[in-house]
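S.K.: Protein chains in written order, with my numbering: chain F, 623 to 733; chain S, 84 to 193.
Positions of the beta carbon are idealized from the N, C-alpha and C atoms, including for glycine.
Sharing a structure below in structure tokens format, with a few things to ask.
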Amino acid sequence: KQEVTQIPAALSVPEGENLVLNCSFTDSAIYNLQWFRQDPGKGLTSLLLIQSSQREQTSGRLNASLDKSSGRSTLYIAASQPGDSATYLCAQASGTYKYIFGTGTRLKVLA
Amino acid sequence: DARVTQTPRHKVTEMGQEVTMRCQPILGHNTVFWYRQTMMQGLELLAYFRNRAPLDDSGMPKDRFSAEMPDATLATLKIQPSEPRDSAVYFCASGLNEQFFGPGTRLTVL
Numbered sequence: 623k624q625e626v627t628q629i630p631a632a633l634s635v636p637e638g639e640n641l642v643l644n645c646s647f648t649d650s651a652i653y654n655l656q657w658f659r660q661d662p663g664k665g666l667t668s669l670l671l672i673q674s675s676q677r678e679q680t681s682g683r684l685n686a687s688l689d690k691s692s693g694r695s696t697l698y699i700a701a702s703q704p705g706d707s708a709t710y711l712c713a714q715a716s717g718t719y720k721y722i723f724g725t726g727t728r729l730k731v732l733a
Numbered sequence: 084d085a086r087v088t089q090t091p092r093h094k095v096t097e098m099g100q101e102v103t104m105r106c107q108p109i110l111g112h113n114t115v116f117w118y119r120q121t122m123m124q125g126l127e128l129l130a131y132f133r134n135r136a137p138l139d140d141s142g143m144p145k146d147r148f149s150a151e152m153p154d155a156t157l158a159t160l161k162i163q164p165s166e167p168r169d170s171a172v173y174f175c176a177s178g179l180n181e182q183f184f185g186p187g188t189r190l191t192v193l
């Protein structure tokens, strides 16, 4: 059974810290991996998409990497801000575009 | 500013009633997904379509749920009859490779 695991489940950091969120997946036949942000009571906002042929993607203070051999992706957030507080989810897609989501990491950045 | 739209945003209904949720995907996106999110189960894929054809609906209880795409601008998710355990937020997403989510329909079945 394909599984996506995110560690830690929750994280609280002071403003300004650099932090890493982890995502592990069991399906080696990965097509792409996407990171999302979800604010309370809201939908999911796409942050970064990494295709299977890529190793990393960057957008502003965010950098996501993909290591297919170890089944891991990391989301690096530089110089965290209180506005970064949200739940971060990763989702793995197989070749059939079927996405499996992790359970998320709840991030709180303290001012 | 292209975005996925969903209606209604909130729905409260009584057990046994029919519920229909609608989604307008982003124009040009050929894949449409329906998800359900609950505190206990997280985000679950119910069904998805590619070029309007259903690819996988194994995540749906088929005795009461049905999903269709009558045309490229409309996807529907229907529950008949609804049950209290169907209470959740239902999201539609569309995309080519990257997924873009709608704001969701919050369903409460009493």
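1. Counting only runs that start and end within the segment 666-700 of chain F, where is the beta strand (DSSP E) found for 3 or more residues in a row?
2. Please confirm whether S:P186 has its beta-carbon closer than 7 Å to some beta-carbon of chain F.
3. Which residue from S:T103, S:Q107, S:Q89 and S:G142 puts its Cα closest to that of S:Q163?
4. May I ask you to report which of helix, strand or coil DSSP gives S:D169?
5. Per DSSP, F:T709 is paired with what?
6. Does the Cβ-Cβ distance between S:L128 and S:G142 come in under 7 Å?
7. Which residue wins for smallest C-alpha separation from F:K730, given the options F:A631, F:Q656, F:K664 and F:C645?
8. Under 7 Å, Cβ to Cβ, is there at least one residue of chain S near F:Y719?
9. Tell me, please, whether the CB atom of S:G111 is closer than 7 Å to any CB atom in chain F?
M.R.: Answer, in terms of the structure:
1. 666-673, 678-681, 684-689 and 694-699
2. The residue you call residue 186 of chain S lines up with position 103 of the second sequence. By this cut-off, S:P186 is an interface position.
3. Translated into positions along the second sequence, residue 163 of chain S becomes position 80. It is S:T103.
4. Within the second sequence, residue 169 of chain S is the residue found at index 86, counting from 1. The answer is helix: DSSP assigns S:D169 an H, G or I state.
5. Along the first sequence, one-based indexing puts residue 709 of chain F at 87. In the DSSP output, where bridge partners are listed per residue, F:T709 has F:Q660 and F:R728.
6. For the purposes of this step, residue 128 of chain S is identified with residue 45 of the second sequence, where counting begins at 1. For the purposes of this step, residue 142 of chain S is identified with residue 59 of the second sequence, where counting begins at 1. Contact: yes.
7. The residue given as residue 730 of chain F occupies position 108 in the first sequence. Here the closest residue by C-alpha is F:A631.
8. Taking the first residue of the first sequence as 1, we reach residue 719 of chain F at position 97. Chain S contact via Cβ: present.
9. Indexing the second sequence from 1 puts residue 111 of chain S at position 28. Cβ-Cβ to chain F under 7 Å: no for S:G111.
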